[in-house]
Amino acid sequence: MKHTAIVIFAILLVSGFCMLLFLTSGYHGARGSADNPYLAAGAAETGAVNLVTGIYLNYRLYDSLFELLVFSIAVLGVRFYLNADESQKPSVVRIAESPVVRIAADLLFGPIVMIGLYLIVFGHLSPGGGFSGGAVGGTGLLLCAAALGAEVVARRFHEQIIEQIEWGILLVILLFAIVPVLFGYTPLSDLLPPGRLGTLLSGGTIPIYNVLIGIKVFIGTWVVIYSFIHHRGEI
Amino acid sequence: MTAGTVLLLLLPVLAIFSLSQRRRLSAVIGMGLLSLVFAATYLFSHAPDVAITETAIGAALVTFTYVLAIRKTGRLVLVCDEAPRLVSREGGKIVGLEEEILAGFARELGLDLVVRIVPRDDVSAVLGRGEADIGGGGIIGEVRDKAELATVGFLPSALYRVSGGRMSDVKHRTEEEYFEDTLEAIRERRPVSATLDLARFLAASRLNLSGYTVERVEGEFSYCFLVSPDQPELLSQLNAYLERLTKSNEMERLIGRYMS
Numbered sequence: 139m140k141h142t143a144i145v146i147f148a149i150l151l152v153s154g155f156c157m158l159l160f161l162t163s164g165y166h167g168a169r170g171s172a173d174n175p176y177l178a179a180g181a182a183e184t185g186a187v188n189l190v191t192g193i194y195l196n197y198r199l200y201d202s203l204f205e206l207l208v209f210s211i212a213v214l215g216v217r218f219y220l221n222a223d224e225s226q227k228p229s230v231v232r233i234a235e236s237p238v239v240r241i242a243a244d245l246l247f248g249p250i251v252m253i254g255l256y257l258i259v260f261g262h263l264s265p266g267g268g269f270s271g272g273a274v275g276g277t278g279l280l281l282c283a284a285a286l287g288a289e290v291v292a293r294r295f296h297e298q299i300i301e302q303i304e305w306g307i308l309l310v311i312l313l314f315a316i317v318p319v320l321f322g323y324t325p326l327s328d329l330l331p332p333g334r335l336g337t338l339l340s341g342g343t344i345p346i347y348n349v350l351i352g353i354k355v356f357i358g359t360w361v362v363i364y365s366f367i368h369h370r371g372e373i
Numbered sequence: 002m003t004a005g006t007v008l009l010l011l012l013p014v015l016a017i018f019s020l021s022q023r024r025r026l027s028a029v030i031g032m033g034l035l036s037l038v039f040a041a042t043y044l045f046s047h048a049p050d051v052a053i054t055e056t057a058i059g060a061a062l063v064t065f066t067y068v069l070a071i072r073k074t075g076r077l078v079l080v081c082d083e084a085p086r087l088v089s090r091e092g093g094k095i096v097g098l099e100e101e102i103l104a105g106f107a108r109e110l111g112l113d114l115v116v117r118i119v120p121r122d123d124v125s126a127v128l129g130r131g132e133a134d135i136g137g138g139g140i141i142g143e144v145r146d147k148a149e150l151a152t153v154g155f156l157p158s159a160l161y162r163v164s165g166g167r168m169s170d171v172k173h174r175t176e177e178e179y180f181e182d183t184l185e186a187i188r189e190r191r192p193v194s195a196t197l198d199l200a201r202f203l204a205a206s207r208l209n210l211s212g213y214t215v216e217r218v219e220g221e222f223s224y225c226f227l228v229s230p231d232q233p234e235l236l237s238q239l240n241a242y243l244e245r246l247t248k249s250n251e252m253e254r255l256i257g258r259y260m261s
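Chains as they are written, first to last, in our numbering: chain U, 139 to 373; chain P, 2 to 261.
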């Protein structure tokens, strides 16, 4: 009886979400209107079809840099406090995972990372961007860690190297932001041409920032997850 | 009524659903659903970027992290050896008086009961290492270790000492670990030396006990649970729960069901 109720509930849930997908399939994002100056001028000025990305990686890039800095400090804090007491660290124990999780992880890991990459690279054209794309990829890694064991995943990511990459990317972003000064412009200004609206290589520096932020968030999410797992001793 | 309105109405319903759940897993699943509906609401409010992030973080990452955390903390681990009628395996399920009492107790705490079967002598060691919360399976209040905390007795019992067998086999006597092994030894007429509580003795006496010496141990005994020494507050909670069961005659009903 209880079992039947759960199955019926699950079927209702899945069909509900299918209906939601169906209802929203014809949806193409916010349409610009002439009386909204942001919507009218944004695409032309930034070269990004997705105006949200256009705003936070062009008009308000200064704010986004600090947002990135906050994220970096959060990751640093997790690393620092969870790795502080090495003596009490338990060894990571591998729990035999149920076949359901293992098979689901095998099937889902590729698509999840693919979606993450898509969200990062196409961030200026469709909904997405470095922050959400990186988080999606990090979630995929967590799924992998749950199925295969955290140490297996950690061995593929050499801790020292990814740490250097993470901080290196922050440095590159900050340097990249002050490059315009060398050419006599204000920092953070976009020197690259906006390109043809709607193509992959458009939007000036926005795709570059998206990729850099995406890699950074991806690594940062994994570092936080791995610190938690390592500190607790098991996943 | 548009789809957006339906989603907005669903939000408080799901929020109340997650808040009202006793089981933590159900609450977390409710929160994941809430997060998904939030994402859909953002989509209808023309904020697809926020919807994607909400789905990735709220529905996936947070739910997943909670589920992992619950796997470790959301359970009440009972460690015991099998004792007929108290805790025993029957067709892939674990049933018995102690199981039912503790399942009710776990439900009250919002935890899931997990039963681990170990040799009877290992019960206190496992409790001492903090790998389990409660020890059971016919624990007699008198013979408890000082390291653990024992609850009040919930059912009177007795102790029987069973020993004997063909003495020529003394060398082959194996160490009985599980109660199953003791039963096996009696069935094969091997020498046995064990102190059995009432529930186990009744099960053993169904076999042919002739040739073994059986003596009743003097004294008043009753069954109780052991609680991990790290969790004194769990002891008082369990004691209060047992007392409530006794007062409401629920205990009598349970005992009648399993012991008669």
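The beta-carbon is built from N, C-alpha and C at its ideal position, and this holds for glycine as well.
For clarity, every value in this text was computed on a predicted model and none was experimentally measured.
Helix, strand or coil at residue i [DSSP, three-state]
i: residue 264 of chain U; result: coil
i: residue 196 of chain P; result: strand
i: residue 141 of chain U; result: helix
i: residue 244 of chain U; result: helix
i: residue 175 of chain U; result: helix
i: residue 153 of chain P; result: coil
i: residue 334 of chain P; result: Nothing about residue 334 of chain P can be reported from this structure: the residues present for chain P run from 2 to 261 only.
i: residue 96 of chain P; result: strand
i: residue 187 of chain U; result: coil
i: residue 347 of chain U; result: helix
i: residue 60 of chain P; result: helix
i: residue 75 of chain P; result: coil
i: residue 222 of chain P; result: strand
Exposure label - residue i; buried when at least 16 CB within 10 Å
i: residue 354 of chain U; result: buried
i: residue 262 of chain U; result: buried
i: residue 193 of chain P; result: buried
i: residue 153 of chain U; result: exposed
i: residue 207 of chain P; result: exposed
i: residue 13 of chain P; result: exposed
i: residue 291 of chain U; result: buried
i: residue 21 of chain P; result: exposed
i: residue 149 of chain U; result: exposed
i: residue 208 of chain U; result: exposed
i: residue 84 of chain P; result: buried
Any C-beta of chain P under 8 Å from that of residue i
i: residue 190 of chain U; result: yes
i: residue 274 of chain U; result: yes
i: residue 265 of chain U; result: yes
i: residue 360 of chain U; result: no
i: residue 277 of chain U; result: yes
i: residue 255 of chain U; result: no
i: residue 147 of chain U; result: no
i: residue 314 of chain U; result: no
i: residue 280 of chain U; result: yes
Contacting residues, own chain, Cβ-Cβ under 8 Å from residue i (five flanking each side not counted)
i: residue 323 of chain U; result: 329
i: residue 241 of chain P; result: none
i: residue 327 of chain U; result: 318
Alpha-carbon to alpha-carbon, residue j and residue i
i: residue 307 of chain U; j: residue 88 of chain P; result: 58 Å
i: residue 317 of chain U; j: residue 240 of chain U; result: 47 Å
i: residue 147 of chain U; j: residue 49 of chain P; result: 27 Å
i: residue 278 of chain P; j: residue 119 of chain P; result: What is shown of chain P runs 2 to 261, which leaves residue 278 of chain P out entirely.
i: residue 40 of chain P; j: residue 103 of chain P; result: 40 Å
i: residue 61 of chain P; j: residue 67 of chain P; result: 10 Å
i: residue 314 of chain U; j: residue 249 of chain U; result: 31 Å
i: residue 343 of chain U; j: residue 199 of chain U; result: 11 Å
i: residue 15 of chain P; j: residue 7 of chain P; result: 12 Å
i: residue 368 of chain U; j: residue 197 of chain P; result: 44 Å
i: residue 239 of chain P; j: residue 200 of chain P; result: 22 Å
i: residue 336 of chain U; j: residue 186 of chain U; result: 7 Å
Min CB distance residue i to chain U below 8 Å
i: residue 65 of chain P; result: yes
i: residue 118 of chain P; result: no
i: residue 198 of chain P; result: no
i: residue 152 of chain P; result: no
i: residue 53 of chain P; result: yes
i: residue 17 of chain P; result: no
i: residue 169 of chain P; result: Caution is warranted here: a pLDDT of 47 is assigned to residue 169 of chain P, below 50, making its placement in the model unreliable, and no coordinate value can be reported.
i: residue 231 of chain P; result: no
i: residue 173 of chain P; result: Because residue 173 of chain P sits at a pLDDT of 49, beneath the cut-off of 50, its placement in the model cannot be relied upon, and the point is left open.
Spatial neighbours of residue i in its chain, beta-carbon cut-off 7 Å, leaving aside the 5 residues before and after
i: residue 243 of chain P; result: 152, 153, 155
i: residue 264 of chain U; result: 188
i: residue 141 of chain P; result: 158, 160, 198, 222, 224
i: residue 365 of chain U; result: 216, 217, 220, 221
i: residue 259 of chain P; result: 86, 97, 98
Close beta carbons around residue i, own chain, < 6 Å, minus the five adjacent residues each side
i: residue 32 of chain P; result: 19
i: residue 116 of chain P; result: 79, 95
i: residue 348 of chain U; result: 258, 261, 267, 268
i: residue 180 of chain U; result: 189, 192
Residue i CB to nearest heavy atom of the ligand FMN below 7 Å
i: residue 178 of chain P; result: Looking for the ligand FMN in the displayed structure turns up nothing, as the structure carries no ligands at all.
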